[in-house]
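Asker:
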Amino acid sequence: MSYFVDKKGYYGEFGGAFIPEMLYPNVKELEDNYLKIMQEPSFQKEFQELLKEYVGRPTPLYFAKRLSEKYKTKIYLKREDLCHTGAHKINNTIGQILVAKKLGKTRVIAETGAGQHGVATATVCALMGIECVVYMGEIDIARQAPNVARMKMLGAKVVPALSGSRTLKDATNEAIRDWINNPINTHYIIGSVVGPHPYPDMVARFQSVISEEIKKQLLEKEQTENPDYVIACVGGGSNAAGAFYHYLDEEKVNLIAVEAAGLGIHSGESAATSILGKEGVIHGSKTLLMQSEDGQITEPYSISAGLDYPGIGPLHAHLYRSKRAEFISITDAEAMTAGLELCELEGIIPAIESAHALAVFNMKKFKESDVVVLNLSGRGDKDLDTYVKYFKL
Numbered sequence: 014m015s016y017f018v019d020k021k022g023y024y025g026e027f028g029g030a031f032i033p034e035m036l037y038p039n040v041k042e043l044e045d046n047y048l049k050i051m052q053e054p055s056f057q058k059e060f061q062e063l064l065k066e067y068v069g070r071p072t073p074l075y076f077a078k079r080l081s082e083k084y085k086t087k088i089y090l091k092r093e094d095l096c097h098t099g100a101h102k103i104n105n106t107i108g109q110i111l112v113a114k115k116l117g118k119t120r121v122i123a124e125t126g127a128g129q130h131g132v133a134t135a136t137v138c139a140l141m142g143i144e145c146v147v148y149m150g151e152i153d154i155a156r157q158a159p160n161v162a163r164m165k166m167l168g169a170k171v172v173p174a175l176s177g178s179r180t181l182k183d184a185t186n187e188a189i190r191d192w193i194n195n196p197i198n199t200h201y202i203i204g205s206v207v208g209p210h211p212y213p214d215m216v217a218r219f220q221s222v223i224s225e226e227i228k229k230q231l232l233e234k235e236q237t238e239n240p241d242y243v244i245a246c247v248g249g250g251s252n253a254a255g256a257f258y259h260y261l262d263e264e265k266v267n268l269i270a271v272e273a274a275g276l277g278i279h280s281g282e283s284a285a286t287s288i289l290g291k292e293g294v295i296h297g298s299k300t301l302l303m304q305s306e307d308g309q310i311t312e313p314y315s316i317s318a319g320l321d322y323p324g325i326g327p328l329h330a331h332l333y334r335s336k337r338a339e340f341i342s343i344t345d346a347e348a349m350t351a352g353l354e355l356c357e358l359e360g361i362i363p364a365i366e367s368a369h370a371l372a373v374f375n376m377k378k379f380k381e382s383d384v385v386v387l388n389l390s391g392r393g394d395k396d397l398d399t400y401v402k403y404f405k406l
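This is the structure:
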């Protein structure tokens, strides 16, 4: 079985490009050119240089000694929280801005929920001197004020989405409308492994630098490229796609994808898409999607703004359906406790998204000899307010 995208843009039965006719030229241009551009030596040279000099790669693979002692297994943290802008998102925006330049685009648009992807997009647009417009739900603008300020300081125009639930889904709808109206000069930087083909594959390829580095670093530390487990949180799923990418065909490496159960899987306030989702189409791709009996998308909920998405990327839907990855759902309370535990045991404040992955150690028993790599996808600065209110610090 293949876990990579096929020529039609599918992972097994999931993926494809379900788009309005007016978007076809934009998506086709990208599909026809992205692999050619990414393989050009000049592109690779600039991409690798920026990852090293600007993003700060390779990020460390850190042996978490006290955490390992507590859970009686070998735990390594892939420190994506140490990337410039504080999360893995920058790996993809650097790649896509270079693709946009090669295609002659002079304007970039993006959608954002928690604001991390918006900040990463605004950052690379400032770096390259390209106009940037970020769409963000009115509710998210209010609850993620520091990231909104960052985007504005970086020169981006932040446009509120005032329709629907005024969150990420609606921001994405606004961005797609903009792209339809400005097809010639505009590139849409999607922030996760979602959307119409070729986006899920392109984003996964840019994020695959994570697992590429893990292999080299583990060889040095454990004399093997392959861990027993790789763990990552999944909203749309770009950090997980990056951490899993070079291990997809290594059947002996167990993959664990961690979703947000919110207040409980069946509480009605959840984002556990793999369990609650049914096949459907969202933002241009066929995947697993939380929806009502009559096919209306249901509102997800998580204390983490970055996992608050009603679908998952088609790669992850395929990994779930094929049983290549184990999917575990973690509640708000479990994630917050795990986040605080990392602070106290290792002196690292994780993003609440990453804290969901950390909570797996309380759910699942590992052997003492197991080598477990957890992708620490982001740092917790953006979530301090949530931590403070939750724990009444």
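So the sequence shown is numbered by my numbering: it starts at 14 and just counts up by one.
Note that CB positions come from ideal geometry on N, CA and C, so glycine has one too.
Who are the Cβ neighbours of VAL3 in its own chain at under 7 Å, not counting the five residues just before and after it?
Answerer: Past the edges of the chain, shown from 14 to 406, lies residue 3, and the structure says nothing about it.
Asker: Assign THR136 to one of three DSSP states: helix, strand, or coil.
Answerer: helix
Asker: State the start and end residues of the unbroken beta strand (DSSP E) segment that holds ILE202.
Answerer: 199–202
Asker: By DSSP's criteria, LEU301 is part of a beta bridge. Which residues make up the other side?
Answerer: GLU292
Asker: For the beta strand (DSSP E) containing PHE31, name the first residue and the last one.
Answerer: Segment: none, PHE31 is in no beta strand (DSSP E) and carries neither H nor E.
Asker: Mind reading off the beta-carbon distance from GLY326 to ALA254? Whole number of angstroms is fine, and I expect it under 8 Å.
Answerer: 7 Å
Asker: Give me the Cα-Cα distance between ASP383 and LEU175, rounded to the nearest whole angstrom.
Answerer: Going from the Cα of ASP383 to the Cα of LEU175 covers about 48 Å.
Asker: Ends of the beta strand (DSSP E) at ILE269?
Answerer: Per DSSP, the continuous beta strand (DSSP E) segment holding ILE269 begins and ends at 267–275.
Asker: Using 8 Å as the Cβ pair cut-off and three pairs as the minimum, do the segment 200–208 and the segment 86–100 touch?
Answerer: no
Asker: Do the segment 283–303 and the segment 366–381 touch if we need at least three Cβ pairs shorter than 8 Å?
Answerer: In this structure the segment 283–303 does not lie against the segment 366–381, because fewer than three pairs of beta carbons, one per stretch, are closer than 8 Å.
Asker: Leaving out five residues on either side along the sequence, give the residues of the same chain with a beta carbon under 8 Å from the beta carbon of TYR333.
Answerer: ALA270, SER287, LEU301, ILE325 and PHE340
Asker: Output the boundary residues of the alpha helix (DSSP H) element that contains PHE56.
Answerer: 54–63
Asker: Looking at the structure shown, is VAL172 part of a helix, part of a strand, or coil, going by DSSP?
Answerer: strand
Asker: For ILE310, which residues in the same chain have their Cβ closer than 6 Å to its Cβ, ignoring the five residues on either side in sequence?
Answerer: GLN304 and PRO323
Asker: Alpha carbon to alpha carbon, what distance is there between MET164 and THR136?
Answerer: 8 Å
Asker: With a 10 Å radius around its C-beta and 16 neighbouring C-beta atoms as the bar for buried, classify ASP19 as buried or exposed.
Answerer: exposed
Asker: Using a threshold of 9 Å, state whether the C-beta atoms of THR199 and ILE122 are closer than that.
Answerer: yes
Asker: My output table needs one value for ALA351: the three-state DSSP class, helix, strand or coil.
Answerer: helix
Asker: With C-beta atoms as the reference, is ASN105 less than 9 Å away from VAL132?
Answerer: Here ASN105 is not near VAL132, since their CB atoms are 9 Å or more apart.
Asker: What are the uninterrupted segments assigned as beta strand (DSSP E) that are 3 or more residues long and contained completely in the segment 44–113, given in chain order?
Answerer: 74–76 and 87–92
Asker: Looking only at C-alpha atoms, which of GLY391, ALA338, GLY352 and GLU235 sits nearest to PHE404?
Answerer: GLY352
Asker: Got a sec, what are the start and stop residues for the alpha helix (DSSP H) GLU366 sits in?
Answerer: 365–371
Asker: Distance, Cα to Cα, TYR75 vs GLU264?
Answerer: For the pair TYR75 and GLU264, the Cα-to-Cα distance works out to about 24 Å.
Asker: Select from ASP398, GLU292, ALA318 and TYR314 the residue whose C-alpha is nearest the C-alpha of GLY308.
Answerer: Checking every option, the nearest Cα to that of GLY308 belongs to GLU292.
Asker: If you draw a straight line from the C-alpha of TYR242 to the C-alpha of LYS378, how long is it?
Answerer: 12 Å
Asker: What's the call for MET14, buried or exposed, on a 16-neighbour Cβ count within 10 Å?
Answerer: exposed
Asker: Counting only the same chain and skipping the five closest in sequence on each side, list residues whose C-beta sits under 6 Å from that of ALA338.
Answerer: The answer, listed in chain order, is LEU268, ALA270 and LEU332.
Asker: Below 8 Å, can you find three or more Cβ-Cβ pairs linking the segment 37–52 to the segment 229–245?
Answerer: When Cβ pairs closer than 8 Å are counted between the two stretches, the segment 37–52 is seen not to touch the segment 229–245, the count staying below three.
Asker: Just to confirm the assignment, what range does the alpha helix (DSSP H) spanning ARG392 have?
Answerer: No alpha helix (DSSP H) holds ARG392; DSSP gives it neither H nor E.
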